[in-house]
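Asks: For the record, the sequence lines run as chains R and W. Numbering of the first sequence is given in my numbering, commencing with residue 1 and proceeding in unit increments. Numbering of the second sequence is given in my numbering, commencing with residue 1 and proceeding in unit increments. Just so it is clear, CB atoms sit at the ideal spot from N, CA and C, and this is done for glycine as well. The structure is given below, and queries will be raised subsequently.
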Amino acid sequence: AQKITQTQPGMFVQEKEAVTLDCTYDTSDPSYGLFWYKQPSSGEMIFLIYQGSYDQQNATEGRYSLNFQKARKSANLVISASQLGDSAMYFCAMREIGSARQLTFGSGTQLTVLP
Amino acid sequence: EAGVAQSPRYKIIEKRQSVAFWCNPISGHATLYWYQQILGQGPKLLIQFQNNGVVDDSQLPKDRFSAERLKGVDSTLKIQPAKLEDSAVYLCASSLDRAARGDIQYFGAGTRLSVL
Chain R
1 AQKITQTQPG
11 MFVQEKEAVT
21 LDCTYDTSDP
31 SYGLFWYKQP
41 SSGEMIFLIY
51 QGSYDQQNAT
61 EGRYSLNFQK
71 ARKSANLVIS
81 ASQLGDSAMY
91 FCAMREIGSA
101 RQLTFGSGTQ
111 LTVLP
Chain W
1 EAGVAQSPRY
11 KIIEKRQSVA
21 FWCNPISGHA
31 TLYWYQQILG
41 QGPKLLIQFQ
51 NNGVVDDSQL
61 PKDRFSAERL
71 KGVDSTLKIQ
81 PAKLEDSAVY
91 LCASSLDRAA
101 RGDIQYFGAG
111 TRLSVL
């Protein structure tokens, strides 16, 4: 069963606008972590933001925020004031604390920021 | 602080040849991971080390893939013999403490392997 689902293969956004990248997950472990990574064309996976399942508040890191809706099992990434340099592949990932603690990744969303 | 270092960046080989990738994690990081990322997909874990011991290698094709982490620092991943379907990017990551709930994995730039 797929544990991480990213339903948007590609997204376009105008420069300076906000964009939301969707991510839903499936787990029966009450303790887990959700992560977002950015992968530019150069190939490196860059960590953006983390949300723990017990965290009461949505995580924020600069222009990145995570819209965490636990009951819906969704962890959408919001990028505010998009920049041309934000064009990249974005991956949502989950780590279940009770199992082998490995990161399980979604299939990714290709974001293109238009000038 | 230096990031995760990987080499080579690119490698082209013919099927049935062997190849090795090298990874140097962030200083002080106890856990090291090797991932395989096939074009158009998210990374998939191959093997996970805690210091120099294997924690999880359940998804490593052990008939052709091997990995070691000597002295709990650098690691090498080897494929012998390579198959066409091994063409992928091989990513190395490291983290400080896999037991910590908020443990973050930091990735290297990867090695892009093409098997002809």
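Please return the same chain residues whose Cβ sits closer than 6 angstroms to the Cβ of Q105/W, not counting the five positions on each side in sequence.
Replies: A93 and S95
Asks: Give the residues from the region 35 to 52 of chain W that approach chain R closer than 9 angstroms (Cβ to any Cβ), ordered along the chain.
Replies: So the list reads Y35, Q37, G40, Q41, G42, P43, K44, L45 and Q48, given in the order they occur along the chain.
Asks: Chain R beta carbons: is any one of them nearer than 8 angstroms to that of V119/W?
Replies: This structure leaves residue 119/W out entirely; chain W is present only between 1 and 116.
Asks: Could you give the residue range of the beta strand (DSSP E) that holds Y32/R?
Replies: Y32 to Q39 is the span of the beta strand (DSSP E), which, as asked, contains Y32/R.
Asks: Starting from V73/W and walking both ways along the beta strand (DSSP E), at which residues does that stretch end?
Replies: No beta strand (DSSP E) holds V73/W; DSSP gives it neither H nor E.
Asks: Given that Y106/W touches chain R, what residues does it touch there, using C-beta distances under 7 angstroms?
Replies: F47
Asks: Check the C-beta distance from E17/R over to Q83/R and give it rounded, since I have them as a contact under 8 angstroms.
Replies: That pair is no contact at about 11 angstroms.
Asks: Any chance the region 5 to 14 of chain W sits against the region 94 to 106 of chain R, with 3 or more Cβ pairs inside 8 angstroms?
Replies: no
Asks: Are there 16 or more other CB atoms within 10 angstroms of the CB of N76/R, so buried, or fewer, so exposed?
Replies: Around the C-beta of N76/R, 16 or more other C-beta atoms lie within 10 Å, and the residue is accordingly described as buried.
Asks: Assign Y50/R to one of two classes, buried (16 or more other C-beta atoms within 10 Å of its C-beta) or exposed (fewer than that).
Replies: buried
Asks: Would you say D57/W faces chain R, with C-beta separation under 8 angstroms as the test?
Replies: no
Asks: For a contact meaning CB atoms closer than 9 angstroms, what does G108/R contact in chain W?
Replies: G40, Q41 and G42
Asks: Check whether chain R comes within 8 angstroms of A109/W, counting only Cβ atoms and requiring the distance to be less than that.
Replies: yes
Asks: Counting only C-beta atoms, is Q102/R closer than 8 angstroms to chain W at any point?
Replies: yes
Asks: Over what stretch of residues does the beta strand (DSSP E) that includes Q51/R continue unbroken?
Replies: I46 to G52
Asks: Whole angstroms is fine: what's the gap from G110/W's alpha carbon to G62/R's?
Replies: One C-alpha to the other measures close to 26 angstroms.
Asks: Is the beta carbon of Q36/W closer than 8 angstroms to that of K82/W?
Replies: Per the sequence shown, residue 82/W should be read as Ala rather than Lys. Cβ atoms of A82/W and Q36/W: not closer than 8 angstroms.
Asks: In the DSSP assignment, find the unbroken beta strand (DSSP E) run with R100/W in it and report its ends.
Replies: For clarity, residue 100/W is Ala in the given sequence; the question names Arg instead. That residue, A100/W, is in no beta strand (DSSP E); it is neither H nor E in DSSP.
Asks: With a floor of 3 residues, list each beta strand (DSSP E) that falls wholly inside the region 11 to 66 of chain W, ordered by position along the chain.
Replies: Those beta strand (DSSP E) runs which fall completely within the region 11 to 66 of chain W and span 3+ residues are 19 to 24, 31 to 37, 44 to 50 and 53 to 56.
Asks: In the DSSP output, which residue or residues are listed as bridge partners for Q69/R?
Replies: S74/R
Asks: Look at V19/W and G108/W and say whether their C-beta atoms are less than 8 angstroms apart.
Replies: no
Asks: State the Cα-Cα distance for the pair G43/R and M89/R, rounded to the nearest angstrom.
Replies: Spanning the two alpha carbons is a distance of roughly 9 angstroms.
Asks: How would you label G108/R, buried or exposed, when you count the other beta carbons within 10 angstroms and need 16 or more for buried?
Replies: buried
Asks: Go to L103/R, then tell me how far its beta strand (DSSP E) extends in each direction, as first and last residue.
Replies: L103 to F105
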